[in-house]
Amino acid sequence: MEENDLPLLVPLTALTDYLQCSICMCSLDKTTITVCGHRYCEKCISEWVGRQHTCPCCNHPLILSQLFKDHQFDSLISAIESEKSKAETQYFENLIQSATSENSKSSEQNMSPVELVLKKHLKKGLIEHESYLQTLKKSLHTKMNVLETSTERAVADLQSHGLSQNEVLQQTQDLYRALERQKLEMTNELESCVAMVAEAYDRYLNTHIPRLDVLPVKATVVLAGKNISIPDITFQATDSLLEVRTSVESAMIKRHNPVHSWEPSTKYYLFGPFAKCSELEMRTVIHNFHMDGNLPDDVQFLTEGAKLGLQYNMRPGSVILILDGVKLESDLPKKCFVDIYKKSDTQQKVDYFSCNQCNFKWICRSCMEVCHLGHEVTPYIIQHQPNWACCYCPKKKCCKIQLEG
Numbered sequence: 001m002e003e004n005d006l007p008l009l010v011p012l013t014a015l016t017d018y019l020q021c022s023i024c025m026c027s028l029d030k031t032t033i034t035v036c037g038h039r040y041c042e043k044c045i046s047e048w049v050g051r052q053h054t055c056p057c058c059n060h061p062l063i064l065s066q067l068f069k070d071h072q073f074d075s076l077i078s079a080i081e082s083e084k085s086k087a088e089t090q091y092f093e094n095l096i097q098s099a100t101s102e103n104s105k106s107s108e109q110n111m112s113p114v115e116l117v118l119k120k121h122l123k124k125g126l127i128e129h130e131s132y133l134q135t136l137k138k139s140l141h142t143k144m145n146v147l148e149t150s151t152e153r154a155v156a157d158l159q160s161h162g163l164s165q166n167e168v169l170q171q172t173q174d175l176y177r178a179l180e181r182q183k184l185e186m187t188n189e190l191e192s193c194v195a196m197v198a199e200a201y202d203r204y205l206n207t208h209i210p211r212l213d214v215l216p217v218k219a220t221v222v223l224a225g226k227n228i229s230i231p232d233i234t235f236q237a238t239d240s241l242l243e244v245r246t247s248v249e250s251a252m253i254k255r256h257n258p259v260h261s262w263e264p265s266t267k268y269y270l271f272g273p274f275a276k277c278s279e280l281e282m283r284t285v286i287h288n289f290h291m292d293g294n295l296p297d298d299v300q301f302l303t304e305g306a307k308l309g310l311q312y313n314m315r316p317g318s319v320i321l322i323l324d325g326v327k328l329e330s331d332l333p334k335k336c337f338v339d340i341y342k343k344s345d346t347q348q349k350v351d352y353f354s355c356n357q358c359n360f361k362w363i364c365r366s367c368m369e370v371c372h373l374g375h376e377v378t379p380y381i382i383q384h385q386p387n388w389a390c391c392y393c394p395k396k397k398c399c400k401i402q403l404e405g
């Protein structure tokens with residue numbers, strides 16, 4: 001058997017970069033080659049040379065007459081696309097056959113219209129599912145490469161710091177240990193993302209088979225400067241910042257610290273699953289953005305009305321950082337329960353305390369925190385539902401906050 005006759009399989013990822021135009025980053029269309037040996041889409045390179053008069057890759061001087069159509073390369077791309085389509089079909093057929101018994105292996109001529117539709121959409125769903133996961137893995141590998149490069153640069157710089165050999169060795173080991181720890185954290189994050197994708201995909205398939213990029217995803221919302229993190233909020237692909245605010249309001253009501261207001265100055269930032277970090281680090285990223293106008297590729301500034309999934313491609317495990325402008329009830333000046341009691345609110349509840357130093361009970365939480373600050377205070381009745389404006393602080397003439405605010 002000759003070498004060309006061997007049934008060899010070549011990974012498509014090894015060829016993808018060579019089939020893309022480095023100007024538009026899409027598949028080459030009407031391939032055109034320059035005298036310096038680089039290939040581009042005909043439209044892309046013609047417009048570029050008309051303005052810049054150079055090659056985008058090597059900066060070689062170019063004029064339009066030095067551009068030539070590469071018909072053979074177009075034929076190669078067409079052949080690869082054809083073989084890719086055949087391989088996808090075969091991949092799908094193998095998956096289906098492995099999950100069925102011998103008795104159910106029938107030809108398409110014997111399939112019902114419903115079976116044919118199911119087969120068509122299963123094929124599309126499986127291919128998109130694999131493509132989605134490969135995108136996540138590519139993001140991880142890119143991030144790891146950046147970390148490795150930064151670490152190698154830091155190790156090389158140690159030689160110029162005037163350190164002893166032992167100090168250089170110790171700091172080098174510390175840098176590599178930190179690198180391995182970060183790589184492990186990102187690998188675990190990928191596994192977590194994949195698990196959440198699989199969970200969401202399985203749940204969604206109970207009703208229909210969707211495109212993967214429109215699946216609902218879980219994300220965490222962080223209220224900057226308030227030490228508040230709200231995990232596992234589910235967002236639809238069509239949700240916008242309106243749903244983000246609604247989710248935060250609902251969560252904070254459950255935490256007995258409702259949102260009082262949203263200011264127009266509120267800013268929202270989306271950190272991808274491999275970009276999320278501590279709140280301090282996220283705020284540093286935003287500070288740098290305000291200084292130089294640049295955000296990392298996996299961090300985005302969210303605008304009103306835009307769709308989180310459809311326009312920002314929000315992925316499972318992402319973090320939405322809300323910066324400034326959100327005011328919670330705990331941020332407001334303290335008010336005595338006497339001033340905020342509403343007879344019509346049958347759900348209103350209050351925590352009461354007793355002060356051993358002042359020797360009386362029925363003290364509302366706000367008065368406990370302000371009027372009896374530093375006193376020996378103990379809980380008296382928690383989550384009580386009063387039927388009148390009850391707090392003994394004003395009655396005992398020691399309330400410092402009544403009628404304030």
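Every letter in the sequence shown is one number past the one before it in the UniProt record's numbering, and letter 361, counting from 1, is 361. Quick reminder that beta carbons are idealized off the backbone N, C-alpha and C, glycines included.
What separation, rounded to the nearest whole angstrom, lies between the Cα atoms of residue i and residue j?
i	j	result
Asp174	Pro386	59 Å
Gln402	Cys336	5 Å
Tyr332	Ser318	In the sequence as presented, Tyr is not what sits at residue 332; that position holds Leu. When rounded, the distance between both Cα atoms is 30 Å.
Thr142	Asp351	52 Å
Lys124	Asn227	43 Å
Tyr312	Thr238	10 Å
residue 435	Gln236	Any question about residue 435 goes unanswered here, given that the chain covers just 1 to 405.
Leu179	His290	28 Å
Cys44	Arg203	43 Å
Glu47	His38	15 Å
Met282	Asn288	10 Å
Gly293	Thr284	13 Å
Thr234	Glu279	21 Å
Glu152	Val146	10 Å
Cys390	Val221	36 Å
Leu251	Pro264	Note that residue 251 is Ala in the sequence shown here, rather than Leu. Looking at the two C-alpha atoms, the distance is approximately 21 Å.
Cys58	Glu185	38 Å
Leu15	Tyr40	15 Å
Tyr201	Thr135	16 Å
Ile230	Gln52	50 Å
Ile23	Gly50	14 Å
Among the options, whose alpha-carbon lies nearest the alpha-carbon of residue i?
i	options	result
Leu242	Gln165, Thr266 and Leu15	Thr266
Phe68	Thr31, Glu47 and Tyr18	Thr31
Pro216	Met196, Arg245 and Pro56	Met196
Ile33	Lys254, Asp324, Pro56 and Lys307	Pro56
Val244	Glu304, Lys254 and Ser278	Glu304
Arg315	Cys193, Thr151 and Tyr341	Cys193
Gly309	Tyr18, Glu191 and Ala219	Ala219
Val248	Leu321, Trp362, Tyr201 and Trp388	Leu321
Gln357	Gly374, Tyr201 and Tyr341	Gly374
Gln20	Lys138, Phe73 and Cys36	Phe73
Ser75	Cys36, Val35 and Leu28	Leu28
Can you tell me which of the three DSSP states residue i falls into?
i	result
Tyr341	coil
His161	coil
Asp202	helix
Pro231	strand
Ser27	strand
Ala156	helix
Ile401	coil
His260	strand
Ala275	coil
Tyr18	helix
Pro61	strand
Val35	coil
Tyr312	coil
residue 421	The structure shown does not extend to residue 421, since the chain spans only 1 to 405, so no value can be given for it.
Lys218	strand
Val10	coil
Ser318	coil
Pro394	helix
Leu223	strand
Gln170	helix
Please return the same chain residues whose Cβ sits closer than 6 Å to the Cβ of residue i, not counting the five positions on each side in sequence.
i	result
Glu329	Asn257, Pro258 and His260
Leu158	Val168 and Gln171
Lys276	Val319
Leu323	Ala224 and Lys267
Arg365	Asp351
Ala99	Only weak support exists for where Ala99 lies, its pLDDT of 45 falling under 50; the value from the coordinates is given anyway. There are no such residues.
Gln383	Lys349
Thr187	none
Sorted by chain position, which residues of the same chain lie with C-beta nearer than 8 Å to residue i's C-beta, five sequence neighbours on each side aside?
i	result
Phe360	Ser354, Tyr392 and Lys396
Asp70	Thr31, Thr32, Ile33 and Arg39
Quick one: what's got a C-beta closer than 7 Å to residue i's C-beta in the same chain, skipping five residues either side?
i	result
Thr54	His60, Pro61 and Leu62
Lys400	Val370 and Cys371
Ile189	The residue asked about is misnamed: residue 189 is Glu in this sequence, not Ile. Correct list, in chain order: Pro273, Phe274 and Gly317.
Val326	Leu223, Val259, Trp262 and Thr266
Ala306	Ser240 and Tyr312
Gln66	Thr34 and Val35
Does the structure place the region 286-300 close enough to the region 262-278 that three or more beta carbon pairs sit under 8 Å? Counting Cβ pairs under 8 Å, three or more are found: they touch.
Inter-stretch contact (C-beta, 8 Å, three-pair minimum) for the region 50-63 and the region 76-93: no
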